[in-house]
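Undergrad: Please read through the structure below; I'll follow up with questions.
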Amino acid sequence: MIRLWTIYELEPLTLAQLNELDAQLRELLAAIHTNATERDVILASLANIRRVRQRHSLPKSLQR
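If you're matching positions, the sequence shown starts at 112 in the numbering used here and goes up one per residue.
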């Protein structure tokens with residue numbers, strides 16, 4: 112079973128770690144053909160990675 116990566120879990124990761132996880136999830140996504148639930152979980156995790164990357168790129172004064 113594929114796990115969902117939450118924003119809370121992703122926040123402490125470095126940009127390099129986020130990039131590595133993104134690459135791993137994209138490879139996994141390409142390998143999954145029939146399980147729609149697992150695809151949805153991977154897509155949600157990728158969206159969370161994108162959000163955390165955006166947060167990391169903001170100046171500290173604009174971050175929550």
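Even for Gly, the Cβ is constructed at its ideal location relative to N, Cα and C.
Note that the coordinates shown come from a computational prediction; the quantities given were computed from them, not determined experimentally.
Should Leu-115 be labelled buried (16 or more other beta-carbon atoms within 10 Å of its own) or exposed?
TA: exposed
Undergrad: Would you kindly report the start and end of the unbroken alpha helix (DSSP H) that includes Ile-118?
TA: 118–121
Undergrad: Can you name the start and end residues of the alpha helix (DSSP H) that His-167 belongs to?
TA: 147–168
Undergrad: Would the beta-carbon of Arg-150 be found less than 7 angstroms away from any heavy atom of the ligand ATP?
TA: Looking at this structure, you won't find the ligand ATP or any other ligand, since it has none at all.
Undergrad: Is DSSP giving Asn-124 helix, strand or coil here?
TA: The sequence as given places Leu at residue 124; Asn does not occur at that position. The answer is coil: DSSP assigns Leu-124 none of H, G, I, E or B.
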